[in-house]
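J.:
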Amino acid sequence: MADWQAQLRGIQARAMRIPPLAWAVGGVIAVSLAVVFALEMNGPPYVALFEGLPPEQGGKVIAELQKLAIPYQLQGAGSIILVPAPDLAEARLQLGAQQVPEDDVSSAWDKLENAPMTASDLAQNTMAAQALESTLEQSIETMNGIRAAQVYIAMPPDTPFLADQPKPTASVVITADPEDAEAQGAAIANLVAGAVPGLAAAQVSVATTSGVTVYPLDHSASISSQFATVSAVETSAAARVAALLSPLVGPANFRTDVSANLDFTQEQIHQISYGPTQLISHQTSTQSSQTGGAAGSAGFGIPGALSNEPPAATTATAPPAPAPGDASTATAASTPAAGPPAASGAPAPPPAPVNTSKSTDQTYVTDQAESDITKPDWTVDSIAVSVVLNKAALGAVTIDQVKTAVAAAFAYPKVTVNVLAAPFQTAAVAAPANANLLASAAPLTRALLEVMAAAALLFGVALPVGRRLADVSLNLATPAPLPGRAKPVILPPTDFSSVREQASENVASVARLLQSWAEDGE
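So for the sequence shown, the numbering used here puts the first residue at 9; every next one is plus one.
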């Protein structure tokens with residue numbers, strides 16, 4: 009019993025020596041481990057069911073999980089949905105049967121299919137375009153190297169009374185590496201063009217999120233190359249002006265500035281040219297035709313009449329029969345009268361109309377040739393040259409002569425030359441930029457050099473010499489022996505060859521010995 013109490017006192021004494029902060033840290037760790045152990049032992053572990061869902065889709069998933077009585081947890085501000093590991097497979101199957109979460113493509117087509125009957129044509133066309141864009145985005149993202157894609161389609165309305173119908177266009181923005189984007193640019197353009205009626209692949213623009221257009225490839229000069237071309241043209245023009253003015257006024261008596269305006273528009277022209285006379289031969293042919301119709305069927309009319317129909321045939325009334333016994337009358341009636349026939353009441357028929365037509369055909373045979381002309385990548389539209397001359401160096405040369413000479417040195421469409429004469433001021437030789445700095449630093453540098461020289465003399469010469477003089481005794485004269493003392497014994501000369509050999513074999517020991525001597529002497 010006494011041993012047990014003694015051990016307890018020892019443990020208590022050792023515990024009292026532990027700082028209170030260590031006890032607090034240990035207590036927190038123990039409580040955390042207890043909580044984690046209780047949670048692990050309380051239920052099954054949770055695994056991720058969906059990650060990165062938008063809020064509306066996440067809300068639908070949670071509603072379905074509540075209906076299915078499947079527990080869940082949320083992490084990452086609701087972007088991660090966790091379910092118990094044993095319920096993961098069942099939750100995926102049940103949610104898949106309910107089509108939750110909805111795919112963007114299927115959701116877009118379902119929205120179009122379930123559109124109300126009162127939806128306008130514009131709303132239906134917009135929903136159809138959005139569904140088509142989602143489908144194309146899903147198809148493009150399955151390509152090798154394409155991480156994400158956004159498709160925008162512009163489909164103008166069909167206007168029946170417009171002669172030139174606007175064509176649809178499309179733009180695609182992809183997230184991919186430059187090599188993969190360049191390799192897939194043409195395929196993406198053809199895919200989008202094949203899905204939209206009336207859309208050509210040339211009307212599809214494919215670009216990356218970094219702003220690089222991968223289709224259609226623009227072979228025109230870039231902005232940097234355009235600036236380089238303008239700089240090269242201006243430098244060449246300045247050199248030409250300098251070569252022209254140097255013999256006249258001297259190389260140091262003028263200053264020039266050149267500004268060029270270049271046109272980088274690329275243009276292709278389809279040209280049709282004819283022979284030198286533009287008319288090789290002229291052929292003329294004349295055709296005549298004449299047609300006539302029957303009198304009965306010919307048209308007849310009176311201008312201004314109510315009807316243009318021909319009048320009906322006129323019929324004459326027969327004279328009354330003669331009375332019996334009247335022989336003269338009967339004889340006259342039966343015997344035709346001599347002479348010209350009496351005019352009847354029917355008019356003479358009109359002459360048959362005749363239709364005459366005449367046509368002339370003229371044929372020109374020309375010498376025609378077609379050609380396609382492609383303009384160069386850039387042309388110089390105009391150039392402006394400004395020259396300032398030293399008035400003292402002009403001499404017999406006038407400003408107008410200089411202006412004329414400079415303008416004649418260029419064959420550009422528009423050349424502007426400005427020449428000004430002014431007295432030049434000879435610039436003094438500019439001192440180096442660091443001259444003042446060197447002047448101000450000279451005293452400090454001199455002082456530092458003096459201090460370094462003094463230190464070198466002190467530690468490199470004075471102290472070593474002093475140590476050696478302390479160890480060396482100068483015997484200027486042999487002192488007389490003191491009375492009562494024996495005369496010093498002079499040893500015979502000793503051979504040090506053996507000592508030298510030992511010193512050469514053990515250099516380190518000799519060095520330590522010399523160092524100890526030096527320290528003793530100090």
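By construction, the Cβ of each residue, glycine as well, lies at the ideal position given by its N, Cα and C atoms.
Keep in mind that this is a model prediction, so the values were computed, not measured.
Note down, in chain order, each residue of its chain lying with its Cβ closer than 8 Å to the Cβ of PRO63, except the 5 sequence neighbours on either side.
T.: Excluding positions up to five away in sequence, the list reads GLY86.
J.: Which whole runs of the alpha helix (DSSP H) in the segment 364-399 are 4 residues long or more, in chain order?
T.: DSSP runs (the alpha helix (DSSP H)) wholly in the segment 364-399: none.
J.: Starting from ASP265, trace the alpha helix (DSSP H) both ways and give me its first and last residue.
T.: Per DSSP, ASP265 belongs to no alpha helix (DSSP H); it is in the beta strand (DSSP E), 262-271.
J.: Just to confirm my understanding: we take VAL69, look at its own chain, exclude 5 residues before and 5 after, and list those with CB closer than 8 Å. What are they?
T.: Excluding positions up to five away in sequence, the list reads LEU57, PHE58, LEU61, ILE89, LEU103, VAL108, PRO109.
J.: In whole angstroms, what separates the C-alpha of ASP172 from that of ASP166?
T.: Going by the C-alpha atoms only, they are around 10 Å apart.
J.: State the beta-bridge partners of LYS422 as determined by DSSP.
T.: Looking at the DSSP assignment, LYS422 forms a beta bridge with SER390.
J.: Which whole-angstrom value is the C-beta distance of VAL393 and VAL266, which I expect to be below 8 Å?
T.: Confirmed, Cβ separation roughly 5 Å.
J.: Going by Cα to Cα distance, which pick from GLN295, PHE272, VAL410, LEU130 is closest to SER365?
T.: Among GLN295, PHE272, VAL410, LEU130, the Cα nearest to that of SER365 belongs to GLN295.
J.: Straight-line CA distance for LEU522 to GLU509?
T.: Rounded to the nearest angstrom, the two C-alpha atoms are 17 Å apart.
J.: Ordered along the chain, which non-local residues of its own chain (more than five positions away) have a Cβ less than 7 Å from that of LYS119?
T.: Once the five neighbours on either side are set aside, the close Cβ partners of LYS119 are MET135.
J.: Would you say TYR223 and ILE196 are within 8 Å of each other, going by their C-beta atoms?
T.: The answer is yes: Cβ separation under 8 Å.
J.: Hey, TRP117 and ASP271 are a contact pair by Cβ (cut 8 Å); roughly how many whole angstroms apart?
T.: So it is not a contact: roughly 49 Å between Cβ atoms.
J.: What whole-angstrom Cβ distance do HIS278 and ASP129 have, given they're in contact under 8 Å?
T.: Going by Cβ atoms, the distance from HIS278 to ASP129 rounds to 40 Å, so no, they are not a contact pair.
J.: What alpha helix (DSSP H) runs, 4 residues minimum, are completely inside the segment 77-115?
T.: Those alpha helix (DSSP H) runs which fall completely within the segment 77-115 and span 4+ residues are 96-105.
J.: Kindly list the residues whose CB is nearer than 6 Å to the CB of VAL212, restricted to its own chain and excluding five residues on each side of it in sequence; keep chain order.
T.: Closer than 6 Å at Cβ, skipping near neighbours: ALA178, ALA197, VAL200, ALA201.
J.: Label ASP95 either buried or exposed according to how many other C-beta atoms from any shown protein chain fall within 10 Å of its C-beta, with 16 as the threshold for buried.
T.: It counts as buried.
J.: Could you have a look at GLU59 and say whether DSSP puts it in helix, strand or coil?
T.: Note: GLU59 maps to strand in three-state DSSP.
J.: What is the DSSP secondary structure of SER218, counted as helix, strand or coil?
T.: The answer is coil: DSSP assigns SER218 none of H, G, I, E or B.
J.: What three-state label does DSSP hand LEU521 in the structure shown?
T.: Note: LEU521 maps to helix in three-state DSSP.
J.: Tell me the DSSP secondary structure of ARG155 in three-state form.
T.: Looking at ARG155 - three-state DSSP - the assignment turns out to be strand.
J.: Can you tell me which of the three DSSP states VAL39 falls into?
T.: Reduced to three states, the DSSP call for VAL39 is helix.
J.: Looking at C-alpha atoms only, which residue of ALA416, MET24, GLN65 is the closest neighbour of VAL249?
T.: Answer by Cα proximity: ALA416.
J.: Tell whether a beta-carbon distance below 8 Å holds between ALA430 and VAL405.
T.: For ALA430 and VAL405, no; Cβs fall outside 8 Å.
J.: Closest by CA to ILE543, which one among GLN65, LEU101, GLY84?
T.: Nothing can be reported for residue 543, as the shown portion of the chain is limited to 9 through 530.
J.: Between the Cα of GLY66 and the Cα atoms of PRO52, GLY84, GLU275, which residue gives the shortest distance?
T.: That would be GLY84, whose Cα lies nearest to the Cα of GLY66.
J.: Kindly indicate which residue of ALA93, LEU16, THR216 has the alpha-carbon position closest to the one of PRO53.
T.: Checked all of ALA93, LEU16, THR216; the closest Cα to PRO53 is ALA93.
J.: For THR217, which residues in the same chain have their Cβ closer than 7 Å to its Cβ, ignoring the five residues on either side in sequence?
T.: VAL181, THR183, listed in sequence order.
J.: Go ahead and label ALA131 buried or exposed: buried means 16 or more other beta carbons lie within 10 angstroms of its beta carbon, across all protein chains shown.
T.: That one is exposed.
J.: In the structure shown, what three-state DSSP assignment does THR412 receive?
T.: Three-state result, THR412: helix.
J.: Would you tell me roughly how many angstroms separate the C-alpha atoms of ARG155 and ALA209, rounded to the nearest one?
T.: In a straight line, the C-alpha of ARG155 is about 22 Å away from that of ALA209.
J.: Under three-state DSSP, which class holds SER128?
T.: SER128: coil per DSSP, three-state reduction.
J.: Between SER244, ILE19, VAL214, VAL410, which has its C-alpha nearest PHE262's C-alpha?
T.: Ranking the options by Cα distance to PHE262, first place goes to VAL410.
J.: Assign SER34 to one of two classes, buried (16 or more other C-beta atoms within 10 Å of its C-beta) or exposed (fewer than that).
T.: In the sequence under discussion, the amino acid at residue 34 is Gly, which differs from the Ser named in the question. It is exposed - the Cβ of GLY34 has fewer than 16 other Cβ atoms within 10 Å.
J.: Between the beta-carbon of ALA377 and the beta-carbon of SER281, is there less than 8 Å?
T.: Yes, these two residues count as a Cβ contact at 8 Å.
J.: Can you look up VAL257 in the DSSP assignment and give me helix, strand or coil?
T.: VAL257 falls in the helix class under three-state DSSP.
J.: Which word fits ALA127, buried or exposed, when buried means at least 16 other C-beta atoms lie within 10 angstroms of its C-beta?
T.: The residue in question, ALA127, is exposed, as its Cβ has fewer than 16 Cβ neighbours within 10 Å.
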